[in-house]
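Numbering (the working numbering), first residue to last: 1446 to 1730.
Data block below; observations after.
Structure below.
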């Protein structure tokens, strides 16, 4: 996809971080932008900020883990702008600890947003795109965690690996139909976002029982220190948006914003093909 002016973009998780940076770039490219997010106050602020730049925009409160809400997002977009040309399935959350200690609520919440949210997006928007004569594209935000299985946060890794293979399958299916619908997976790398604080949007029915938290005060202190480092380190989200549009114009499927991370994915593939026990570059003795 090379031409964006006058086209319609839909972005989930658009109220902040990478999602809002993508929305800003879409507006700069002359696109009409539909912002979708579960966090309504932040969504309205993002909508106002974008509109203040002269962009044509619409905010739709959306919980992507609910099929009916993604369907409403698609129909609202269609009714308002008459089509959709760029879908960024970007909404994401993280939670959990070791595989055996993560609660079922952790799994349900993370897979609901990160995996089912993308499935619902594809189910609702691909038929619209196929019915259009114009070129369109789907971008699914993934992670190096979708290529590398480090310790911890298993639900997040399972969700991202699932989205990668889902996207690859979709790519081949659309190619087989010679459809004018492209697909890409976006690996942002370390970026200054609020992903580490995603529990702020966790539904009440999927909250963990506080009494089951077995972490010591010292462990909690270390965890908060790690969280603070993640808030302060990494690329600015605008860098991700810039890289994405360059890659879209180049027709890329796999989009690594930080190419140096490829070596970690290569290590895993080498282990698989050589039937070696899993390693990872960040292992410590």
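Each residue gets a CB set at the ideal place from its N, CA and C atoms; glycine is no exception.
Give the secondary structure of residue 1680 by DSSP, where H, G and I count as helix, E and B as strand, and everything else as coil.
Along the chain shown, read from residue 1 onward, the residue named residue 1680 stands at position 235. Reduced to three states, the DSSP call for residue 1680 is strand.
Please go through the same chain and pick out, in chain order, the residues whose beta-carbon is closer than 8 Å to the beta-carbon of residue 1502, but skip the five residues on each side of it.
On the chain shown, residue 1502 is found 57 positions in, with the first residue counted as 1. Excluding sequence neighbours, residue 1502 sits near 1468, 1472, 1477, 1478, 1479, 1480, 1492, 1495 and 1496.
Applying the criterion that 16 or more other CB atoms from any shown protein chain within 10 Å of the CB defines a buried residue, is residue 1530 buried or exposed?
Numbered from its first residue, the chain shown carries residue 1530 at position 85. It counts as buried.
Give the range of the alpha helix (DSSP H) segment to which residue 1433 is assigned.
Lying outside 1446 to 1730, the shown extent of the chain, residue 1433 is not represented and no answer is given.
What first and last residue would you give for the alpha helix (DSSP H) that runs through residue 1617?
For this step, residue 1617 is matched to residue 172 along the chain shown. Residue 1617 -> alpha helix (DSSP H) spans 1599–1621.
Please say whether residue 1707 and residue 1698 have beta carbons closer to each other than 7 Å?
One-based indexing of the chain shown puts residue 1698 at position 253. One-based indexing of the chain shown puts residue 1707 at position 262. Contact: no.
Note down the Cα distance separating residue 1500 from residue 1475, rounded to an integer number of angstroms.
What you label residue 1500 is simply residue 55 of the chain shown in a count that begins at 1. What you label residue 1475 is simply residue 30 of the chain shown in a count that begins at 1. Going by the C-alpha atoms only, they are around 8 Å apart.
Looking only at its own chain, which residues have a Cβ that is under 6 Å from the Cβ of residue 1585, when we skip the five neighbours before and after it?
The sequence position of residue 1585 within the chain shown is 140, counting from 1. The answer, listed in chain order, is 1534, 1563, 1608, 1612 and 1630.
Let's test the definition: count the other Cβ atoms within 10 Å of the Cβ of residue 1718 and tell me whether it reaches 16, buried, or not, exposed.
Along the chain shown, one-based indexing puts residue 1718 at 273. So residue 1718 counts as exposed.
Label residue 1470 either buried or exposed according to how many other C-beta atoms from any shown protein chain fall within 10 Å of its C-beta, with 16 as the threshold for buried.
Looking up residue 1470 in the chain shown gives position 25. Buried is the call here.
Our contact map puts residue 1725 next to residue 1595 with C-beta atoms below 8 Å; I'd like the distance itself, whole angstroms only.
If you number the chain shown from 1, residue 1725 lands on position 280. If you number the chain shown from 1, residue 1595 lands on position 150. About 5 Å separates the two Cβ atoms, so the contact holds.
With distances taken Cα to Cα, identify the nearest neighbour of residue 1546 among 1598, 1446 and 1566.
On the chain shown, position 101 is the one that residue 1546 refers to. If we check each option's Cα against that of residue 1546, 1598 comes out closest.
Can a CB atom of chain C be found closer than 7 Å to the CB of residue 1547?
In the displayed structure, chain C is absent; only one protein chain is listed.
Among the residues of its own chain, which have a CB less than 6 Å from the CB of residue 1460, if the five just before and after it don't count?
Translated into the one-based positions of the chain shown, residue 1460 becomes position 15. 1482, 1484, 1487, 1488 and 1491.
Which term fits residue 1714, buried or exposed, when burial requires 16 or more other beta carbons within 10 angstroms of its beta carbon?
Taking the chain shown and counting its residues from 1, one reaches residue 1714 at position 269. Label assigned to residue 1714: exposed.
What number of angstroms, rounded off, separates the C-alpha of residue 1721 from the C-alpha of residue 1578?
Position 276 of the chain shown, counting from 1, holds the residue named residue 1721. Position 133 of the chain shown, counting from 1, holds the residue named residue 1578. Going by the C-alpha atoms only, they are around 48 Å apart.
Quick one: what's residue 1530 bridged to in DSSP?
In the chain shown, counting from the first residue as 1, residue 1530 sits at position 85. Answer is none; residue 1530 lacks a bridge partner.
Can you tell me the Cα-Cα spacing of residue 1603 and residue 1576, whole angstroms?
The sequence position of residue 1603 within the chain shown is 158, counting from 1. The sequence position of residue 1576 within the chain shown is 131, counting from 1. Answer to the nearest angstrom: the Cα atoms are 32 Å apart.
Could you check the C-alpha separation between residue 1610 and residue 1590 for me, to the nearest Å?
Residue mapping note: residue 1610 aligns to position 165 of the chain shown, counting from 1. Residue mapping note: residue 1590 aligns to position 145 of the chain shown, counting from 1. Cα to Cα, the separation comes out at about 13 Å.
Would you give the residue range spanned by the beta strand (DSSP E) that residue 1454 belongs to?
As a first step, residue 1454 is located in the chain shown; it is residue number 9 there, counting from the start. Per DSSP, residue 1454 belongs to the beta strand (DSSP E) from 1453–1457.
In the DSSP assignment, the beta strand (DSSP E) including residue 1581 goes from what residue to what residue?
Residue mapping note: residue 1581 aligns to position 136 of the chain shown, counting from 1. Its beta strand (DSSP E) spans residues 1581–1586.
With a threshold of 7 Å on Cβ separation, who are the neighbours of residue 1526 within its own chain once the five nearest residues in sequence on each side are excluded?
Stepping through the chain shown from its first residue, residue 1526 is reached at position 81. Taken in chain order, the residues that qualify are 1453 and 1477.
Starting from the C-beta of residue 1523, find all residues in its chain whose C-beta is less than 8 Å away, skip the five residues before and the five after it, and write them out in chain order.
Residue mapping note: residue 1523 aligns to position 78 of the chain shown, counting from 1. If we look at residue 1523 and ignore the five residues flanking it on each side, its Cβ neighbours are 1529 and 1573.
Does the separation of the CB atoms of residue 1643 and residue 1555 fall below 7 Å?
Taking the chain shown and counting its residues from 1, the one referred to as residue 1643 is at position 198. Taking the chain shown and counting its residues from 1, the one referred to as residue 1555 is at position 110. It is not a contact, given that the beta carbons lie outside the stated cut-off.
What's the gap between the Cα of residue 1648 and the Cα of residue 1605?
Start at 1 with the first residue of the chain shown, and residue 1648 comes out as number 203. Start at 1 with the first residue of the chain shown, and residue 1605 comes out as number 160. Whole-angstrom Cα-Cα distance: 21 Å.
Keeping to the same chain, check which residues put their C-beta closer than 6 Å to that of residue 1514; ignore five residues upstream and five downstream.
Locating residue 1514 in the chain shown gives position 69, where the first residue counts as 1. Closer than 6 Å at Cβ, skipping near neighbours: 1507 and 1508.
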